[in-house]
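J.: Here it is, the structure, as structure tokens.
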Amino acid sequence: MPRYDLILVGAGLANGLIALRLRQQRPSLRILLIDAEREPGANHTWSFHAEDLTETQHRWIAPLVVHHWPGYEVRFPQRSRSLNSGYFCVTSERFVQVIRDRFAPDLLLNTRVAGIASRTVTLDDGRVLESDAVIDGRGYQPDAALCMGFQSFVGQEWQLSEPHGLTAPIIMDATVDQQAGYRFVYSLPFSADTLLIEDTHYIDNATLEGDRARQNIRAYAAQQGWRLDRLLREEQGALPITLTGDVAAFWQKHDLPCSGLRAGLFHPTTGYSLPLAVALADRLAQMQTFTSETLHATIQQFASQAWQQQRFFRMLNRMLFLAGPADQRWQVMQRFYGLPEGLIARFYAGKLTLPDRLRILSGKPPVPVLAALQAIMTPHRQQAMQ
Ligand SMILES: Cc1cc2nc3c(=O)[nH]c(=O)nc-3n(C[C@H](O)[C@H](O)[C@H](O)COP(=O)(O)OP(=O)(O)OC[C@H]3O[C@@H](n4cnc5c(N)ncnc54)[C@H](O)[C@@H]3O)c2cc1C
């Protein structure tokens, strides 16, 4: 086994993007990708909004994008709206193809990593690989320093027996029965007669009853008049939604370079990580020296900065999760979707301005005032956490 400049453990979204960007910007770096599964980043549909990325980022990620729509819809009991903000979708099928094309000789699949140190990776079979640096991108790991709610969902891609008639994604249809928390259905029209339909719940713990979600999808499709014919694929997720946390304590435990969800790099309100993963890949591609120490310092600084910028979002999450009854959480989102389109785009991109923040908080709160104030003021469990 040759010696590598960089070993990426986990060939999922974050490390895959780092590998692709470094191959473009730093082609002389010798990179090895390792993943425990048969395919890198298997069985996901990763979506993002046009405004989440810069033009340059859109350009370099373009080979991964399979679907693109010029706008999307949302539906609530007292508000339906079409938004003219582009929506994009990367499929894991395409991701696998691109990663395999560019990295095949340096992609170790079906290979579980048992241990990581700053310059070595120990595989399950006992082999030890050496490198100047290692990045741990093995996905989400619960951490006592961060207090989370969850966005849990089951998504099914269906072949329909007739065209569905949808021309744009419905990224939230919250006109459905709310069940255990804030519930909505998310539908992406991949072709005239195929759809991804996700039954999504903002709930306090990660467990979602899969069978109930599958029944919900069938019931929703029937209600829309969509004739489900053949199930093509299913994906499931429980994405972390940050309520509060102690970032210093988190980084004390993460003393090796890490990426993606492992590094806490995701949007606090949606759990989506693609935009921050693209930004981190760009940031790493600007580095001059790749050692474990320089990578760790750069990633920690990047993540701590993101954490500070996300403070307002954590406060909104506490309003969503902790104020008022769970089955009334939809009212917070319904009100939010009445705000100007530019603000909504900046919200998803994690780039709210001060006037945006004031605008979000102005007017009559959609949840009881006292509970909302308690949710805002109480950093949940620990005073130090924000
Ligand atoms: C079904 C689903 C849909 C999602 N949709 C979106 C979306 O639309 N937009 C968005 O921005 N975000 C989305 N997310 C959230 C988030 O962006 C994804 O979870 C994303 O894949 C996280 O990237 P990551 O690189 O941190 O982890 P992953 O992409 O999960 O990659 C981790 C990799 O590490 C490997 N691994 C784990 N342990 C080991 C080990 N011991 N040895 C070797 N390899 C190991 C895994 O096999 C996996 O390939 C979705 C998540 C899920 C689960």
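Going by our numbering, the letters in the sequence shown line up with residues 1104 to 1489, in that order.
Every residue, glycine too, gets a C-beta built ideally from N, C-alpha and C.
Hey, quick one: how far does the beta strand (DSSP E) through residue 1303 stretch, first residue to last?
T.: Here the beta strand (DSSP E) through residue 1303 covers 1297-1306.
J.: How would you write the range of the beta strand (DSSP E) that residue 1323 sits in, first residue to last?
T.: Premise fails: residue 1323 lies in the alpha helix (DSSP H), 1313-1327, not in any beta strand (DSSP E).
J.: Check each candidate in 1187, 1179 and 1106 and name the one with the smallest Cα separation from residue 1448.
T.: Per the Cα distances, 1187.
J.: If you draw a straight line from the alpha carbon of residue 1488 to that of residue 1364, how long is it in whole angstroms?
T.: For residue 1488, the predicted structure reports a pLDDT of 47, less than 50, and the residue's modelled location is therefore unreliable. A value from the coordinates is still provided. For residue 1488 and residue 1364, the distance between alpha carbons rounds to 19 Å.
J.: By the DSSP assignment, the alpha helix (DSSP H) with residue 1062 in it spans what residues?
T.: Since the first and last residues shown for the chain are 1104 and 1489, residue 1062 lies out of range.
J.: Do residue 1300 and residue 1176 have their C-beta atoms within less than 9 Å of each other?
T.: Not in contact: residue 1300 and residue 1176 (Cβ atoms no closer than 9 Å).
J.: Which of the three DSSP states, helix, strand or coil, is assigned to residue 1413?
T.: Of the three classes helix, strand and coil, the one that applies to residue 1413 here is coil, per DSSP.
J.: Can you tell me whether DSSP reads residue 1177 as helix, strand or coil?
T.: Looking at residue 1177 - three-state DSSP - the assignment turns out to be strand.
J.: Give the DSSP bridge partners of residue 1238, in chain order.
T.: BP columns for residue 1238 point to 1111.
J.: Could you pull the start and end residues of the beta strand (DSSP E) that residue 1364 belongs to?
T.: From DSSP, residue 1364 is part of no beta strand (DSSP E); its letter is neither H nor E.
J.: For residue 1265, is the beta carbon positioned less than 8 Å from some heavy atom of ligand 1?
T.: The answer is no for residue 1265.
J.: Cβ of residue 1241 within 8 Å of any heavy atom in ligand 1?
T.: It does: the Cβ of residue 1241 is within 8 Å (strictly closer) of some heavy atom of ligand 1.
J.: Between residue 1372 and ligand 1, is there a pair consisting of the residue's CB and a ligand heavy atom that are separated by less than 8 Å?
T.: It does not: the Cβ of residue 1372 is nowhere closer than 8 Å to a heavy atom of ligand 1.
J.: Per the contact definition of three or more C-beta pairs closer than 8 Å, is the segment 1376-1396 in contact with the segment 1262-1274?
T.: They do not touch, by the three-pair rule.
J.: Is residue 1168 close to ligand 1? I mean its beta-carbon at under 8 Å from any heavy atom of the ligand.
T.: No.
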